[in-house]
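Everything on this sheet refers to the single structure shown next.
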Amino acid sequence: EAQVTQNPRYLITVTGKKLTVTCSQNMNHEYMSWYRQDPGLGLRQIYYSMNVEVTDKGDVPEGYKVSRKEKRNFPLILESPSPNQTSLYFCASSLSRTGGISNQPQHFGDGTRLSIL
Amino acid sequence: AQSVTQLDSQVPVFEEAPVELRCNYSSSVSVYLFWYVQYPNQGLQLLLKYLSGSTLVKGINGFEAEFNKSQTSFHLRKPSVHISDTAEYFCAVTRRRALTFGSGTRLQVQP
Numbered sequence: 005e006a007q008v009t010q011n012p013r014y015l016i017t018v019t020g021k022k023l024t025v026t027c028s029q030n031m032n033h034e035y036m037s038w039y040r041q042d043p044g045l046g047l048r049q050i051y052y053s054m055n056v057e058v059t060d061k062g063d064v065p066e067g068y069k070v071s072r073k074e075k076r077n078f079p080l081i082l083e084s085p086s087p088n089q090t091s092l093y094f095c096a097s098s099l100s101r102t103g104g105i106s107n108q109p110q111h112f113g114d115g116t117r118l119s120i121l
Numbered sequence: 077a078q079s080v081t082q083l084d085s086q087v088p089v090f091e092e093a094p095v096e097l098r099c100n101y102s103s104s105v106s107v108y109l110f111w112y113v114q115y116p117n118q119g120l121q122l123l124l125k126y127l128s129g130s131t132l133v134k135g136i137n138g139f140e141a142e143f144n145k146s147q148t149s150f151h152l153r154k155p156s157v158h159i160s161d162t163a164e165y166f167c168a169v170t171r172r173r174a175l176t177f178g179s180g181t182r183l184q185v186q187p
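The listed protein sequences derive, respectively, from chains X and W.
According to this note's numbering, the first sequence holds residues 5 to 121 in order.
According to this note's numbering, the second sequence holds residues 77 to 187 in order.
See the structure below:
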């Protein structure tokens, strides 16, 4: 079954304790992306990756890191989490045509609800 | 830069009534438009997309949307809603490398 898998689904942690949210897709997609969803703000892009070893900032990258060492995996790293990073996070992937993702629908994971105390 | 505006944060409607969820976008270049649906405790699923061609596009679950270039709108419609359509709906605009979402509209279908 084609899917995007995120882990963990839920996490409660404390300020400053490094954490990683994993994301894996089994569709051989080139493009992967992380979003955060906050009430009234919709989804905002944190980072994206056009392919292996190619990553770029989205609209709200501060406080986050990513890596893309393999095509299927795109982990989101919070080196020193703070309460304002409490949110619902989604990973997504899609095919990429001629360097762009314009006409490709994105496939989303089920989300990771992160609470930073 | 591109942006997406969903004018209604919540739309309450009775079962079997028609519904329209509004979406306007701003972009200086041609874009591709999508509607996604998010059911409670789930990720987003693609409802429909406009890439080119006919301005009326049909999606899953009986939804359709009309692309209006002059009004820069991409409103979502369904002639008769069901309780199971209760969800949050997101309009999105994509260009080469980025997908920009609206703030979402929560559709609440009441019996």
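Virtual Cβ for every residue (Gly too), placed ideally from N, Cα, C.
- Cβ atoms of X/T59 and X/S28 stay farther apart than 8 Å, at about 16 Å.
- Annotated three-state conformation of X/G46 is strand, per DSSP.
- Under the Cβ criterion of 7 Å, W/S103 is not counted among the residues facing chain X.
- Nearest Cα to X/N88 within the set X/S53, X/T19, X/P109, X/S97: X/T19.
- Non-local beta-carbon contacts of W/S149 in its own chain, meaning distances under 6 Å to residues more than five positions away in sequence, involve N100 in chain order.
- Assigned with DSSP and collapsed to three states, W/Q82 falls in coil, not helix or strand.
- The bridge partners DSSP lists for W/N144 are W/S149.
- By the neighbour-count criterion, in which a residue is buried when 16 or more other Cβ atoms sit within 10 angstroms of its Cβ, X/G46 is buried.
- X/G115 and W/G129 have their alpha carbons spaced roughly 33 Å apart.
- In this structure, the alpha-carbon of W/R173 lies about 14 Å from that of W/S79.
- If one requires a minimum length of 3 residues, the beta strand (DSSP E) runs lying completely within the region 12–79 of chain X are 14–17, 23–29, 35–42, 46–55, 58–61, in chain order.
- Chain-order list of chain X residues neighbouring W/G180: G46, by C-beta distance under 7 Å.
- Distance from the CA of W/S146 to the CA of W/L127, rounded to the nearest whole angstrom, comes to 16 Å.
- W/W111 is a Cβ neighbour of W/L124, given a cutoff of 7 Å.
- The criterion of a C-beta distance shorter than 7 Å is not satisfied by W/F139 and W/L120.
- Using a Cβ-Cβ cut-off of 7 Å, X/N77 does not count as an interface residue toward chain W, since no Cβ of chain W sits closer than that to its own.
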